[in-house]
Amino acid sequence: MWFLPKKESNLVTISCSPTTIACAWITPVKEKATYELKAYRRIPIERLELAQGYVHNPTQIDTYIASFLAKHNLQNACIALALRGPTIYETIATTPSTVHDPSDSLVPKKQQHIWSYRYLYSQDTAQATFYICSISQALLFQYKLCALRQKLNLIGITTTSMAYLHAYTHAYGVAFRHSQLARDMSRCNNSIDQLVPSDIIRRRLIVPSRYTSALDHELSSLTPLLGLAMSQTGF
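The sequence shown finishes on residue 439 if you use our numbering, and the numbering steps up by one all the way, no holes.
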């Protein structure tokens, strides 16, 4: 969605929602075309630090992220963020395939928002389906301030749904087809969170034994984090 080139080999992916912060250090294993989970932590948010998606307690949020980075000596790592919350606009919409920017024709754009979209699939009626999202400049500024306070190498911010779409696309690799995505979107009633089969993630992500016992419970948090890593280090 909004990314800069990487300047450091290590990448930490972080997802933030009103109820949870999850951090992961995921590295590519090129000879196997897979990824390895080096470190992971999911932190329940219980004191409204991210209520409604806004940063209400920046000191505590800084502490959560800094403690993960310090524990694994990742202070110089590149950071990619995925955000979710009611302050982020998201929709799946259909528009004529000739439209250049689907967000222009479907929603009145707010001047204080940054918009993005992703093509999903075409239909037989010369229509195209897109995922469309936007985030306010004020919310982006809050997370940029967080990065400045901690001197983080922040390379990108996107939505959690976009991270799931990255995971889906990269997990299938050269076998990815938009027509299959259309069938899978129909299967899960357009719920992007349910789009990526758990067996694909298990095949593409090498998980250390210390995390395997809780893997089933953590897959929903790990999938978008892996998607972010795949989008930056994909084969």
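Glycine included, each C-beta is placed from N, C-alpha and C at the ideal position.
Task: For Glu240, three-class secondary structure by DSSP - done: For Glu240, the three-state secondary structure derived from DSSP is strand.
Task: Simplified DSSP state of Val378, which is helix, strand or coil - done: helix
Open item on the list: Can you tell me whether Tyr293 is helix, strand or coil according to DSSP?
Closed with: strand
TODO: Note down the Cα distance separating Asn214 from Val378, rounded to an integer number of angstroms.
DONE: 25 Å
Task: Buried versus exposed call for Ala418 [16 or more other C-beta atoms within 10 Å across all chains shown] - done: exposed
Open item on the list: DSSP three-state label for Ile249, please.
Closed with: coil
Open item on the list: Can you tell me where the beta strand (DSSP E) holding Arg322 begins and where it ends?
Closed with: 317-326
Task: Span of the beta strand (DSSP E) around Pro428 - done: It is not in any beta strand (DSSP E) - Pro428 instead sits in the alpha helix (DSSP H) that spans 419-437.
TODO: Measure the beta-carbon distance from Tyr239 to Arg408 and round it to whole angstroms, keeping in mind my assumption that it falls under 8 Å.
DONE: 6 Å
Task: DSSP-derived helix/strand/coil call for Leu273 - done: helix
Task: Enclosing beta strand (DSSP E) for Gln331 [first to last residue] - done: Start and end: 331-340.
TODO: Classify Phe380 as buried or exposed, calling it buried when 16 or more other Cβ atoms lie within 10 Å of its own Cβ.
DONE: exposed
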